[in-house]
Structure formats: structure tokens, C-alpha cells
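Visitor: Before I ask anything, here is the structure I am working with.
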Amino acid sequence: MTNATFFSQQRPQFPALSREFSGHPAVFFDGPAGTQVPQRVIDAVSNYFATMNANHEGLFPTSLETDAMLDEAHRACAAFVGSDDPETIVFGANMTSLTFALSRSLAREWQPQDEVIVTRLDHDANVSPWVMAAADVGAKVHFVDLHKTDCTLDLEDFRAKLSPRTKLVAVGCASNSVGTINPVHNLCRWSREVGALTFLDAVHFAPHRLIDVAQFGCDFLACSAYKFFGPHIGILWGRRELLDRLTAYKVRPASDALPDKWMSGTQNHECLAGVIAAIDYLADVGRALVPGQTDRRPALAAAFEAIETYEQSLLQPLIEGIQSLEGFTIWGITDPAQFAQRAPTISITHRDLPAATIAERLGARGIFVWHGNYYALELSEALEQEPEGMVRIGLIHYNTREEVDRLIQELRNITE
Ligand SMILES: Cc1ncc(COP(=O)(O)O)c(C=O)c1O
């Protein structure tokens, strides 16, 4: 069975994919802003409410069941990010809130002569928390530039800005705007050599590639389940010794032990039940492709290998199709030989039509794309695309070749 056949057979698991709008089957190219969810995620959320809705750490059955479910959520997410320590997984409202909270804890240890590095490729959730935390203590912030020709990070600029004064390097695993995948293993290694901590934003990377905190060599990594087929919830992983040592902003009765120390207030239990289901959906993709793979981690690895191959098989006709049209610019890597360095997310602009017009016209034809800067503000400014921004087309493994062809045809209709 081909990858295309296999992934098209998974589509019925996602109820939203069968929706129609104004007589058109819906095409969801808005995955970078949030993916659709399989039925099992919907069932898990609703089953939590129906059967075990309770606060945790009580001495009665629904609370004990909730505790067991929460432990499983930590285990599932540890497998998802490549850690063998479930207590180093922290949940919160979303990646942005978790990052602001952590930045406050880290900045307590910074001095005015210290420095922080962020990049012009990142989503602002991995920029503003660090800029504001640095401002609070008078530390200096460096912005790493990018190569505008292919929207890759300027690694020479990165190394030039790195110094023994650098306390923290905040960088994305993949750009939510132009798809660039950063060489995070090297970035973390270089940072470690000067004694800097590293914070990775894996929000955009998570639905496309296997996260591996051990291989990346980072100190912290954050992602969001609603970008990888789960509910709206943020996930943070941190090195145990750092999570243990750093001061968390927490209420006094809350435990000082991991992971509770970092999880302020009552968690979103129903969504955490859905996170387990989302990760198990992905693991089952791997299990179906490589029979005999029972453990979550190798199953996830098998799933992401197939997802990468399939997504790239859609990316090539998408890029070639847009290149065949008049008046479009594709921002970022377009050379298939470099596809390993990009996620299947592209941003385009048109010579005459504003991004919002294209998105609106596609939307009216049942094709959902995003427009604007998608909070990757520095990038949009660097490419001189503010204030209109670009049109973002994000492929996910539930998309099909037919959908890509329909998009190209509609773009042709809109612009000719
Ligand atoms: C790359 C990236 N980082 C961070 C975020 C923020 O995530 P959240 O909505 O969970 O705060 C997003 C959301 O679009 C994103 O795409």
C-alpha cells in the first residue's frame, strides 16, 4: 500500500474532513493554526466528563481515576518529546503562557550584563516573553538575522552573537510561517559551549517531525497539543535539574515536587484526556505501518517517518503548481533537495492581490488558508510584508493530492 493510500484511509477518523461549505468539500490547509482532531480525541474529552470529572488528589474513585489519567498524560507526552522522565512534563493553558511563566523564573537569575538571544524567524511567543523578561532586569537582547533568499537562519550571525554573557538562547524548531527547520542540535551544542541555556519552540515542528529532546540537547522545549491533533493545551518539557532548582511562581499549598511545582492552578483535565488520545492516534499510525511496534516511542518514530515522506510528496506538487502560476512569490526553501530542512508549510504573496483577498476568495470556495503574519512578526517585517502579510498554506498528513490540485486550480481562477 502506498503512503498516499494509507493516509487517505485515516481521513474518516477526522469528522471535520467530511464537512462541506457552499457545495464545496472543505479543504483544511489551516493546520499551522490548529489541526483537526480524530474522533478518538473527541471521545476521550467527552468520556472524561461523563465518567471521571473531578479535581485530582482526592481519596474517592473519580479523583483517583483522574490522577491515573493525569499520570498517563505525563507518560504519553514524555514519549512524544523523547524523555524517559514523565515528571519533567508540565502542562499549561498554551505554549505562550508557559513560556511567559518560565521566562519570569529564568530572569530572576539574570543580571544587567547578561544577554539573551532570540531570532527573526520565530513566532512572537518565543520572542516577546524573553524580550520582556530581559527588559525587567536590564539584560541585553540580540536578534539573529535570516537569509531572506530562502528564509533560513543566519548561522554566522548566530555564532557572532553568542558569547559567555549569553544566558539563554530561544529558537524555534520550525517556522510556522515559511516552514524552515532549524539545525537545533547544533544551535544547542554551540549554546552549551558558552554556558547558555536553550529554549526550543516545537509548536510548528510537532505535527511534522519526531521531537527528540535528548538528540536536540536542549534545556527546555514547548509545544501545543492543538497543533498535533489534540485539544487546546500547552506542554513544556524541562531538564529535571533545572525544573528542580529554579523558582516557580506558585501558590504555597501547591507541591514543591515535580511536575506539580510548575503547573499552576487546576489543569484542563478533559483536554489532557484528549492529549493522550492524540498521541495514541499518532502511535497507532506507526503501529499500523510497522506491525509489532507496541511501545509508544518507536511507534511514534515510525509514524513521523511516514508522515515526513508523505507530506513531502504533497509539498513538491504544491510548490511546482504555485511556481507555474503568474505573479506569485513563495517565501522560503523551494528546492526539493532541501526539503529535509523545511516543514510542509509555505507562505506566498501575489504581485497584485493582497493576502486577505486571496484567503477570503479561497475560503469562499471551501479552501481554508491563513493570512497575515501569524504572529511571526519579526519575519514578516524582515521580508517587508507588513502590514498585509502573506498567505499561508499548511499541509498536514490528512491532506491529499486532489486538495493540492484543487488549490492550484482555484489560485489560477482567482488571479487570472
Ligand atoms: C511556532 C509557534 N510557536 C508558538 C505558538 C503559540 O502557541 P500557543 O497558541 O499554544 O500559545 C504558535 C501558535 O500559532 C506557533 O505556531
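Using the numbering used here, the letters of the sequence shown correspond one by one to residues 4 to 419. Using N, Cα and C, we set each Cβ at its ideal position, and we do this for glycine too.
One question on the structure: do Tyr51 and Ala276 come within less than 7 Å of each other, judged by their Cβ atoms?
Guide: In this structure, Tyr51 places its C-beta atom within 7 Å of the C-beta atom of Ala276.
Visitor: Assign Arg212 to one of two classes, buried (16 or more other C-beta atoms within 10 Å of its C-beta) or exposed (fewer than that).
Guide: buried
Visitor: How long is the line joining the alpha carbons of Ala2 and Leu190, rounded to whole angstroms?
Guide: Outside the displayed span of the chain (4 to 419) sits residue 2, for which this structure offers no information.
Visitor: What does the alpha-carbon distance come out to for the pair Cys154 and Val407?
Guide: 23 Å
Visitor: For ligand 1, any of its heavy atoms closer than 6 Å to the Cβ of His207?
Guide: yes
Visitor: Which partner residues of Cys226 appear in the DSSP bridge assignment?
Guide: Ile238
Visitor: Quick test of the definition: if touching needs 3 or more C-beta pairs under 8 Å, does the stretch 228-244 touch the stretch 58-71?
Guide: No: the two stretches stay apart, fewer than three of their Cβ pairs being nearer than 8 Å.
Visitor: Could you have a look at Leu303 and say whether DSSP puts it in helix, strand or coil?
Guide: Note: Leu303 maps to helix in three-state DSSP.
Visitor: Could you work out which residue in Glu273, Asp204, Glu308, Ala29 is closest to Val288 when comparing CA atoms only?
Guide: The shortest C-alpha separation from Val288 is found at Glu308.
Visitor: Give me the Cα-Cα distance between Glu384 and Arg395, rounded to the nearest whole angstrom.
Guide: 16 Å
Visitor: Should the stretch 5-21 be called in touch with the stretch 374-381, which here means at least 3 C-beta pairs below 8 Å?
Guide: no
Visitor: Taking Cβ positions, are Ala209 and Cys226 nearer each other than 7 Å?
Guide: Taking 7 Å as the cut-off, the beta carbon of Ala209 is found closer than this to the beta carbon of Cys226.
Visitor: Mind listing, in chain order, the continuous alpha helix (DSSP H) runs of no fewer than 4 residues lying wholly within the stretch 12-91?
Guide: Counting only runs of 4 or more, we get 42-54, 64-84.
Visitor: Less than 7 Å between the beta carbons of Phe10 and His400, yes or no?
Guide: Contact: yes.
Visitor: Would you tell me roughly how many angstroms separate the C-alpha atoms of His126 and Asn56, rounded to the nearest one?
Guide: So the alpha carbons of these two residues sit roughly 35 Å apart.
Visitor: By a C-beta neighbour count over all protein chains shown, 10 Å radius and 16 as the cutoff for buried, is Asp283 buried or exposed?
Guide: Residue environment analysis places Asp283 among the buried positions, since at least 16 neighbouring C-beta atoms fall within 10 angstroms of its C-beta.
Visitor: Compute every distance between the C-beta of Ser383 and the non-hydrogen atoms of ligand 1, then say whether any falls below 6 Å.
Guide: no
Visitor: Please specify which runs of the beta strand (DSSP E), each continuous and at least 3 residues long, are wholly inside the stretch 140-205, giving them in chain order.
Guide: 143-147, 169-175, 200-204
Visitor: Label Glu329 either buried or exposed according to how many other C-beta atoms from any shown protein chain fall within 10 Å of its C-beta, with 16 as the threshold for buried.
Guide: exposed
Visitor: Contact check, Ala138 vs Met98 under 8 Å by CB: the rounded distance?
Guide: About 21 Å; that fails the 8 Å criterion.
Visitor: Among Ala304, Glu419, Asp215, Ala177, which residue has its Cα nearest to the Cα of Asp204?
Guide: It is Ala177.
Visitor: Given a cut-off of 7 Å on the beta-carbon distance, is the pair Ile350 and Trp373 in contact?
Guide: Per the sequence presented here, residue 350 reads as Ser, with Ile not at that position. Result no, Cβ atoms of Ser350 and Trp373 do not sit closer than 7 Å.
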